[in-house]
Amino acid sequence: MSLMHASSPHAHGPTATSRVMAWVLAATLPGIAVLCWHYGWGVLFNLVFACLAGVALEALLLKLRGRPVSFFLKDNSALVTCVLLAVSLPPLAPWWLVLTGVIAAIVVAKQLYGGLGQNPFNPAMVAYALLLISFPVEMSRWSSPDGFAIGFTDSLQQFFGVIATPDALTGATPLDAFRNKGELSSSEFWADPNLLPAANLLAWQQMAIAWGLGGLVLLARRLITWHIPVAMLGSLAVISAIFAFVDGEQHASPLIHLLCGAAIFGAFFIATDPVTAATSNKGKLYYGVGIGVLIYLIRTFGAYPDAIAFAVLLMNFSVPFIDYYTQPRSYGHKKARRGIKLEDKA
Amino acid sequence: MVLSLLKSMVTSSRSAATAEAEHTQKGQGAPRVFDFHGGIHPPEHKALSNRAPLVAAPLPREVVLPLSQHIGAPAQPLVEIGQRVKTGELIARAQGMISAPVHASITGVVTAIEPRQIPHVSGLEDQCIVIEREGEIDEWARLEAWRDWRQQEAQDLIQRLQDAGVVGQGGAGFPSAVKARVRERHAIDTLILNAAECEPYITADDLTMRTHPEALIEGLEILASLIGPECILIGIEDNKPEAVIALEQAIRARRADKRLPPLDSRLEVVVVPTRYPSGGEKQLIKLLTDREVPSRGLPADVGVVVHNPGTVRAVQRAVCFGEPMISRVVTLTGEALQHPHNVEARLGTSIADLLRLAAPAPTGIARLVMGGPMMGFTLESDALPIIKTTNCLLASSPESLPAPAVEQPCIRCGMCEQACPAELLPQQLYWFSKAREFDKAELYNLADCIECGACSYVCPSQIPLVQYYRFAKGEIRSAQHEARKSERARHRFEFKQARMAREEAEKEAKRQQRAQAAQKSAAARADASAAADTTSASAAATAAAAAQPAPATDIKAFKTARAAANIALKKAEKALKAAQDGGESSESDIAKLEANVTAAKTKLASAESALKAASEASESAAPAAAGASTAGTATTGAATPAADLKALKTARAAANIAVKKAEKALKTAQDSGEGDISALETSVAEAKARLAKAEADLKAASEASESAAPAAASTSATGAAAPAADLKALKTARAAANIAVKKAEKALKTAQDSGEGDIPALEASVTDAKSRLAKAEGDLKAATDAAGAAQGADKGPVASAAAGSAQTTDTGAAGSSANAAAPAAAAPSADIKALKTARAAANIAVKKAEKALARASESGEGDIEDLQTLLATAQENLRAAEVRLNSAQAGSTDATPAAKGAGELIPEAPKPAAGSVGRGSMASNVTLSQAEIEASRAENLAKRHKQVSIAVKAAEAAHRKAEAALSEADDENRQRLATKVDRTRRNLEHARESLAEVQALVDAQ
């Protein structure tokens, strides 16, 4: 009789990386649906093109790096990265913009660092930040939420640059509009429908809610823990509430901050990227709070209307530090250890 | 600010929730169940085996009983092959503090005691006793049954657990008797029955509880009577409702039974939610008591003792029925079995036999696991026995436990952290283990990992995390082992250095003493001259003053110095007065004399103060110093290579006195409450150690002199002990001389016949040879005479005298004289002087032989070949003598420490000499004596090795004992015991060092 020799445990749970990634993809569906509903074909072109390019690049890079291609492609991680990047891009983004972003994300931020699990920075956000800095015009070209008003063919032609994107179609995001309100006070800004069409505001709010729904799916499936979203959104709400309370005429309300930007999306889908986030539960709280505070500071005092990418990347830098100082108290120990002091051992 | 705000919000809300939950539970009066971090919910698969009743397995035809079925020292076999044994008979007894005996589990004949493969993770072989059944008999050898165990002494009950070989059936097999003695060290308030049985598939405890609930309750009562807890909690997962009902019924019945005394402690069944690993000891303690076992600690540290149902039942059977632990309940389960169920099987039954009971599926078994799917280990064969800790045999099909998937990269998802019941950071540990950063892994509390496998179970990347941790733990263990080893080596080296330094200091002190004595007499001489001359007064005072700062504590010297200074002062005063009275001297002269007087006064004062200080110091230091110095002398005396028995006896007596003095001093100091008591204690301890050493030395020396006497004496020219070998050498020498005479005569005759050659010279040489022959005969006679008379006398000087007398002999005798001289060095005295004489004698012998050879070759007469042989022998002897001298000189420094340590080096001292004796002997007796000497040398060495080994063991035992005493000591005795531990440790190191040295000699041989 030949018996298998194996190390315990002999049983394994049903979880697998590919399933985790597939569930993340599934959780993006409500958000994608609402996004398409408001912004039309462009969103889908972005998604499809990004995913095709992403998977192809991942396969190429794996081959170049001498790794088993199909084994790693099956983990679906490239798809997740590409989807998250694509939904962050403006619906009218041209194909080269998408391709540049995918190269930055998959090639540079992920594979050149060693592939899945080795990248210190969130690949989608690295790409987003790169595009935002390099191509500010293209990256801020959001159309008004007209849904599928522009036909499939027109959209496709726009996507591939055959016809120019008409300026008339562009519309500011609520955060951008509020930022550029100039001397106006808050109440004056909200009173003027020309500055920010109600449709815009509604679209963003609905999208935020859709992303939130997807996030709840992830929470329910225990694919993420509550720590990062709660800490991030909570700190953003608290800090914006404080500023709004002190000077309501100059600062947006917590509701604007939470619902009119990418805060919800970022909280559930970006900041919770396991590879680049802090490890321990306590660490995740610090990490989330850091992102929330940075988002507020950059939105309010920085040069960019939204700040998820910068805030997340900045906190990615601090993850090793946070991890060292937020080790949990292990069973049977009086207190948690902080930092790594090897000389303590002696 | 925001951070702290948020943090406090989170904390407060959490504590509020907890408090509320506790309140609710209290209100309902239900037993409180707390929570542990993490855990998983793997499919249970318990229904496979828990539906069939518990049955007894048929008696096996053969059992294989490993001697190590428990934690601790393996048992020691008491039976022989071919011996008949009854069921329950003791066949191997426990060895050491933590160990358990083994009993025959069937009636039959012992057919083998040999290494066999045992069911262990390592897959290694271990010593097993194999018993083959005889017919269908199952004849029992029970211990006395104590149905009325309440009447028994606790000590007897504990002894019964030990005698019955009861060990923990749940995990590692910890001897239950040791656990039952926990009260000696810890206060226990909670006894927990770990009935959680959280591992999937396993139902052995479940069926035990359902089938024998009364036995479990009684077993718990027995254990409770031994450890005296306030409450007994039966922790059981909510997936075993039938067991819960059975236990609750048994408890009600027990409470209702008026014939028995009421329960001493609160006894409760606590149902806990099903979650792996709630049956982990630490996790169950947390669930039931909310206490955490400290890291690297024991449950007893938090007042808890945990037992497994199987163990508790074994306890009950051992006490109430006198049945040793020879069987246990085993779950036979898994998808590859058609009839999974639980059996009560005799220990040692083959796994294949048991699996047959459960009807293996024809498709075969893919993976055979002993234990559960989470923490069990795979077996490579089913031809293994079950042992005391075998709770489950899981025979799985390829589908139920598929082969592990390929490991994917870690995505740091943190699911492992959410699942870890030890609240570790499994993924960090994984990175550290993978990168071999073991120090960091240790800092992240790798040691607290219980290897439950929850992290591996949930890992989406299929990383075998536990395997990484085991690897890291193993590496850390071996690194620690290495570190300990090198630490020991370092310690040994440092100790040796310190000892050598100490000995050097002792020598230096002696040397200084001598130097001081010389200085003293010089000072006295200086005084005398100072007294004669006025102007030399200041010089004398200077000399006295110079003597003062010397490190000497010799009061006498100070007194002399003071007296000298006094005299110098008087002289100076007298001179001054005379000069003043006479009025002849110039003013400058008077001034000079006045200055002299002042200087002399100063010097007197300083001499007086120095004397006072010295006498004070000597008073305070006297007892200790006396003890120490006497002891020091004793040590030095004992260490001298002379190893003179008398000297050693004196040394022992001196050491004895030193000990008494030191003790007296200590007592006085203790009584008066003054003085440095700890220093005095140390000095007493040291004096005692020295006494012990002196005694050991004396013993060794007397043994050595006994054992070495014949061999050594045999080589002595005077034949002090005069055995044949020596006489033989002398006889050979005489024969050689005789031959020389004959040759010379022959040469003379030839010359006379031929009328050629230098006849007078040849005549002279004949006369010379004859006189030498006469001398050799005289030597031989003297030796023969002395043989009887001078037995036991000290051989050194005599031998050298003999060597001296042998020097006068000529070529023929030269070799033998050197031979005679050389063995003299073999005398146990190992007197270097004697060896030097011997070397000189050998040297002379060589020269003589050379001269004779030269003469013979010049004259062309005599047997040149013979003379060449003689020269060669003489040269060999000279070399041997030199080697011996060198080794003796080296030995006098080297041998001292070893002799002091093990007290056994002395017999070794003559050995190099003995070896060279063999080489130096005449051809006729070379083989014999060489072999003899080699043999005696080997024997001596072996004997010494044994003795030193015993000494090491004794020292180890003493050290352990001392450490144990220290660990239990109260504050009063701590200081004393610490000193003792220190001393025993030093002794141990010393003994080990000696052993290493002897080992080196053995190896060299």
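Respectively, the protein sequence lines represent chains D and Y.
For the first sequence, position 255 matches number 238 in this note's numbering, and the numbering has no gaps at all.
For the second sequence, position 111 matches number 320 in this note's numbering, and the numbering has no gaps at all.
Glycine included, every Cβ here is placed at the ideal spot set by N, Cα and C.
Since we're looking at a predicted model, the values are computed, not measured.
Three-state secondary structure (DSSP) of Y:ASN865: Here residue 865 of chain Y refers to the residue found at position 656 of the second sequence. In the structure shown, Y:ASN865 sits in a helix (DSSP, three-state: H, G or I).
Cβ-based burial, Y:ASP1019 [other Cβ within 10 Å; buried from 16]: As a working note, residue 1019 of chain Y is residue 810 in the second sequence. Because Y:ASP1019 carries a pLDDT of 40, less than 50, the predicted location of this residue cannot be relied on, and the following value inherits that uncertainty. Here Y:ASP1019 is buried. Its C-beta has 16 or more other C-beta atoms within 10 Å.
For D:PRO74 versus D:VAL109, is the C-beta distance shorter than 7 Å? Within the first sequence, numbered from 1, the residue matching residue 74 of chain D stands at position 91. Within the first sequence, numbered from 1, the residue matching residue 109 of chain D stands at position 126. Not closer than 7 Å, so no.
Unbroken beta strand (DSSP E) run spanning Y:MET579, endpoints: The residue given as residue 579 of chain Y occupies position 370 in the second sequence. Here the beta strand (DSSP E) through Y:MET579 covers 576 to 579.
Assign D:ASN59 to one of three DSSP states: helix, strand, or coil. Translated into the one-based positions of the first sequence, residue 59 of chain D becomes position 76. Collapsing the DSSP output to three states places D:ASN59 in coil.
Report all residues from its chain with a CB closer than 7 Å to the CB of D:THR208; omit the five preceding and five following residues, and keep chain order. Counted from its first residue, the first sequence places residue 208 of chain D at position 225. The residues are ASN264 and LYS267.
Y:VAL615: buried (16+ other C-beta within 10 angstroms of its C-beta) or exposed? Position 406 of the second sequence, counted from the start, is the residue given in the question as residue 615 of chain Y. Counting Cβ neighbours within 10 Å, Y:VAL615 comes out exposed, since fewer than 16 surround it.
What do you reckon, are the CB atoms on Y:GLY519 and Y:GLN371 nearer than 7 Å? Counting from one through the second sequence, the residue named residue 519 of chain Y turns up at place 310. Counting from one through the second sequence, the residue named residue 371 of chain Y turns up at place 162. Not in contact: Y:GLY519 and Y:GLN371 (Cβ atoms no closer than 7 Å).
Opposing strand residues paired with Y:GLN336 [DSSP bridges]: Here residue 336 of chain Y refers to the residue found at position 127 of the second sequence. Answer is Y:PRO324, bridged to Y:GLN336.
Quick one: Cα of Y:MET418 to Cα of Y:LEU425, how far? For the purposes of this step, residue 418 of chain Y is taken as residue 209 along the second sequence, with counting starting at 1. For the purposes of this step, residue 425 of chain Y is taken as residue 216 along the second sequence, with counting starting at 1. Taking the Cα positions, Y:MET418 is about 7 Å away from Y:LEU425.
Is D:GLY244 helix, strand or coil when you go by DSSP? Taking the first sequence and counting its residues from 1, one reaches residue 244 of chain D at position 261. In the structure shown, D:GLY244 falls within a coil segment according to DSSP collapsed to helix, strand and coil.
Looking at the strands, I want to know which residues DSSP matches up with Y:LEU402. To locate residue 402 of chain Y, count along the second sequence from 1; it is residue 193. The bridge partners DSSP lists for Y:LEU402 are Y:ILE443 and Y:HIS516.
Let me see if you follow: with CB-CB separation under 7 Å, is Y:CYS622 close to chain D or not? Residue mapping note: residue 622 of chain Y aligns to position 413 of the second sequence, counting from 1. Put simply, the CB of Y:CYS622 is near chain D, with a gap under 7 Å to one of its CB atoms.
Should Y:GLU501 and D:TYR314 be called a contact, given that it needs their Cβ atoms to be closer than 7 Å? Mapped onto the second sequence, residue 501 of chain Y falls at position 292. Mapped onto the first sequence, residue 314 of chain D falls at position 331. Less than 7 Å separates the beta-carbon of Y:GLU501 from that of D:TYR314.
Do Y:LEU493 and Y:ASN600 have their C-beta atoms within less than 7 Å of each other? As a position in the second sequence, residue 493 of chain Y is number 284, starting the count at 1. As a position in the second sequence, residue 600 of chain Y is number 391, starting the count at 1. No. Outside cutoff.
Continuous beta strand (DSSP E) stretch holding Y:ALA554: start and end: Against the second sequence, residue 554 of chain Y aligns to sequence position 345. Residues 550 to 555.
Inter-residue Cα distance where the pair is Y:SER609 and Y:GLU544: What you label residue 609 of chain Y is simply residue 400 of the second sequence in a count that begins at 1. What you label residue 544 of chain Y is simply residue 335 of the second sequence in a count that begins at 1. Computed Cα separation, rounded: 7 Å.
Should the region 764 to 776 of chain Y be regarded as contacting the region 806 to 821 of chain Y, the criterion being three or more beta carbon pairs within less than 8 Å? The region 764 to 776 of chain Y makes contact with the region 806 to 821 of chain Y: 3 or more CB pairs, one atom from each, lie closer than 8 Å.
Residues from the region 575 to 592 of chain Y in contact with chain D, defined by Cβ distance under 9 Å: So the close ones are ALA575, ARG576, LEU577, VAL578, GLY580, GLY581, PRO582, MET583, MET584, GLY585, PHE586, THR587, LEU588, GLU589, SER590 and ASP591.
By DSSP, does Y:VAL294 sit in helix, in strand, or in coil? For the purposes of this step, residue 294 of chain Y is identified with residue 85 of the second sequence, where counting begins at 1. If DSSP states are grouped into helix, strand and coil, Y:VAL294 belongs with the strands.
Using the Cβ count rule (16 or more neighbours within 10 Å means buried), how would you classify Y:ILE346? Numbered from 1 along the second sequence, position 137 holds the residue referred to as residue 346 of chain Y. Burial call: exposed.
Assigned secondary structure, D:GLY130 (DSSP; H/G/I helix, E/B strand, else coil): By 1-based counting over the first sequence, the position of residue 130 of chain D is 147. In this structure, D:GLY130 counts as helix in the three-state DSSP scheme.
What are the residues in the region 656 to 688 of chain Y lying within 7 Å of chain D by C-beta distance? Look at the region 656 to 688 of chain Y: the residues with a C-beta under 7 Å from a C-beta of chain D are ASP657, GLY662, SER665, TYR666, VAL667, PRO669, SER670, GLN671, PRO673, VAL675 and GLN676.
Hey, could you find the ends of the alpha helix (DSSP H) D:PRO257 is sitting in? Position 274 of the first sequence, counted from the first residue, corresponds to residue 257 of chain D. Taken as a continuous stretch (DSSP letters only), D:PRO257 belongs to no alpha helix (DSSP H), as it is neither H nor E.
DSSP on Y:ILE454, reduced to helix/strand/coil? Position 245 of the second sequence, counting from 1, holds the residue named residue 454 of chain Y. If DSSP states are grouped into helix, strand and coil, Y:ILE454 belongs with the helices.
Span of the alpha helix (DSSP H) around Y:ARG565: Counting from 1 along the second sequence, the entry for residue 565 of chain Y is found at position 356. Per DSSP, Y:ARG565 belongs to the alpha helix (DSSP H) from 560 to 566.
Roughly how many angstroms separate the alpha carbons of Y:LEU556 and Y:GLU457, rounded to a whole number? The count along the second sequence starts at 1 and reaches residue 556 of chain Y at position 347. The count along the second sequence starts at 1 and reaches residue 457 of chain Y at position 248. Cα-Cα distance, rounded: 30 Å.
Count the other C-beta atoms from every protein chain shown that fall within 10 angstroms of the C-beta of Y:MET306, then say buried if there are 16 or more, exposed otherwise. Sequence index remark: in the second sequence, residue 306 of chain Y carries index 97 (1-based). Result: exposed.
Could you check whether Y:GLY248 and Y:TYR485 sit closer than 7 Å to each other, using their CB atoms as the reference points? Counting from one through the second sequence, the residue named residue 485 of chain Y turns up at place 276. Counting from one through the second sequence, the residue named residue 248 of chain Y turns up at place 39. Yes; because the gap between Cβ atoms is below 7 Å, this pair is in contact.
Any beta carbon of chain D sitting closer than 7 Å to that of Y:ARG699? Your numbering for residue 699 of chain Y matches position 490 in the second sequence. Not one chain D Cβ lies under 7 Å of Y:ARG699.
Short CB-CB distance (under 7 Å) between Y:VAL502 and chain D: Here residue 502 of chain Y refers to the residue found at position 293 of the second sequence. Yes, its Cβ sits closer than 7 Å to a Cβ of chain D.
Counting only Cβ pairs nearer than 8 Å, list the residues of chain D close to Y:ILE249. Looking up residue 249 of chain Y in the second sequence gives position 40. Around Y:ILE249, the beta-carbon contacts reaching into chain D at under 8 Å are GLY(-4).
Limits of the alpha helix (DSSP H) - the one that D:ALA76 falls within: Residue numbering aside, residue 76 of chain D sits at position 93 when the first sequence is read from its first letter. No alpha helix (DSSP H) holds D:ALA76; DSSP gives it neither H nor E.
For Y:ALA545, which of helix, strand or coil comes out of DSSP? Working through the second sequence from its first residue, we reach residue 545 of chain Y at position 336. DSSP places Y:ALA545 outside both helix and strand once states are collapsed to three, so it counts as coil.
List, in order along the chain, the chain Y residues whose C-beta lies closer than 7 Å to that of D:GLY100? Locating residue 100 of chain D in the first sequence gives position 117, counting from the first residue. PRO618, CYS619, ILE620 and ARG621, listed in chain order.
Please name the residue or residues paired with Y:THR540 in a DSSP beta bridge. Along the second sequence, one-based indexing puts residue 540 of chain Y at 331. Per DSSP, Y:ASN551 and Y:CYS601.
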